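Below you'll find the structure, written out as structure tokens, and then a few comments.
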Amino acid sequence: YGSCIDDPAKGWPCTRDATASNATQWFMASRSGHPGGVHAVFCDGSVSLVVDSIDLAVWAAASGQGDGEAVTGVN
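The structure is reproduced here in structure tokens:
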């Protein structure tokens, strides 16, 4: 991607962690037009609706790479 456009009116909110060592790094949250969640594609090719109420620790684990852990509880 390379950019993050902060435009909440269009549903494109961006934020940054000002406490991080690199305070210039911005983050874009997953967004979807689907009520209740966002569709996510996983590395095994499966697609799942990840509900808005997902535990943020589970969401963070699903976003990681290379740790070899299976992720459960996304929907």
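Residue numbering for the sequence shown follows this note's numbering, starting at 1216 and increasing by one per position. Just so it is clear, CB atoms sit at the ideal spot from N, CA and C, and this is done for glycine as well. Model, not experiment: these values are computed from the prediction.
- CA-CA distance, residue 1266 to residue 1251, rounds to 6 Å.
- Taken through DSSP and simplified to helix, strand or coil, residue 1278 comes out as helix.
- In the DSSP secondary-structure assignment, residue 1263 is bridged to 1255.
- Residue 1283 holds the alpha-carbon nearest to the alpha-carbon of residue 1258 among 1224, 1283 and 1229.
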